[in-house]
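So the sequence shown is numbered by the working numbering: it starts at 2 and just counts up by one.
Just so you know, even glycine gets a beta-carbon here, dropped at the ideal spot from N, CA and C.
Quick caveat: nothing in here was measured; it's all calculated off a predicted structure.
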Amino acid sequence: MSKDDWYRNTEWNDQIESEFEARLKRSRGNSNKAQYLRIQASYLLDSQKTENQKKGIQLMERVINDYPEETFSTIHGHEQLGDYYLQNGNYKEAESHFRIVTGHYHSNTRSGTTGLADLKLSETILLSDQEDKLQEAYELSTLKFDETGGNLLMNDQKFYYATLMANLCLRMGEIEEASEYANSALQLSTITEPQFSRHKTVGIINAEKNTIDRLKKIKEKSLATITKHSDGWNSPV
């Protein structure tokens with residue numbers, strides 16, 4: 002086992018847990034402890050095994066509850082839990098965690114996160130059919146995103162944003178604006194060259210066919226305003 006493998010376990014059992022807790026106890030400083038816990042939680046949340054995922058949630062909640070002063074780790078942890086719950090369709094929990102990170106953006110900085118939690122919050126609102134929060138989602142993704150230093154550098158991030166906004170504007174009945182965002186997303190989807198010669202996959206857009214087909218319909222204004230998200234739109238990232 003290398004010196005870092007002890008907090009990067011992809012499997013979990015009593016022996017692994019015992020060894021992990023012993024090493025964690027010997028670690029110096031709360032900053033390191035919180036970081037090791039969060040990294041280990043991340044590996045388990047990414048597991049295909051439900052039991053490992055549950056343990057990952059427990060460890061991430063320990064980061065948040067036991068080390069509240071370690072803002073870098075706790076805010077990152079909230080976003081990772083939000084990602085997990087969003088991916089698994091638990092919109093209530095996802096919204097709760099993304100709101101905490103978004104609040105951090107508005108009062109502090111986006112540093113230490115993906116910088117996209119407010120957009121993920123908007124996506125969560127849209128996917129969970131919260132009609133009364135659509136205007137909030139729009140403002141989070143536009144005015145407040147700009148005011149709090151939101152920035153999209155990678156092409157896949159720009160595609161995610163344009164696709165999200167196309168669907169959000171459509172849902173709000175803003176057909177012209179939705180069409181413009183859909184057109185932007187479609188143009189981005191044609192980019193096949195990597196943004197960095199040494200990192201061939203960074204920023205590459207991998208859009209599903211149903212996403213592209215839907216964007217084309219939004220661009221052509223052939224989709225009526227919808228009230229449910231069950232019409233085939235899936236998050237593009």
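The beta carbon of ILE40 sits closer than 6 Å to those of TYR8, all from its chain and outside the five residues before and after it, given in chain order. ILE219 and ALA179 do touch by the CB rule: their CB atoms are close to 5 Å apart, below 8 Å. Taking C-beta separations shorter than 7 Å and ignoring five residues to either side along the sequence, the partners of ALA186 in its chain run PHE160, ALA163, THR164, ALA167, LEU216, following chain order.
Between HIS77 and ILE65, the C-beta gap is not smaller than 8 Å, which leaves the two residues out of contact. Per DSSP, the continuous alpha helix (DSSP H) segment holding ASP15 begins and ends at 15-27. Scanning LYS121, LEU141, THR149, GLU94 for the CA closest to the CA of GLN158 turns up LYS121. If you ignore the 5 residues before and after PRO195, its C-beta comes within less than 8 Å of the C-beta of LYS201, THR202, VAL203, GLY204, ILE205, all in its own chain and listed in chain order. The alpha carbon of GLU70 has as its nearest neighbour, out of LEU45, ASN33, TYR86, the alpha carbon of ASN33. In chain order, TRP7, TYR8, ASN10, GLN41 place their CB closer than 8 Å to the CB of PHE21, counting only its own chain and leaving out the 5 sequence neighbours on each side.
Residues of the same chain with a CB within less than 6 Å of the CB of ALA35, apart from the 5 flanking positions on each side, are VAL64, TYR68, GLU71, SER74 in chain order. Straight-line measurement puts the Cα of TYR139 at about 21 Å from the Cα of MET155.
The beta-carbon separation of SER28 and TYR37, rounded to 6 Å, stays under the 8 Å limit for a contact. By the Cβ neighbour-count rule, SER198 is exposed, with fewer than 16 other Cβ atoms within 10 Å of its own.
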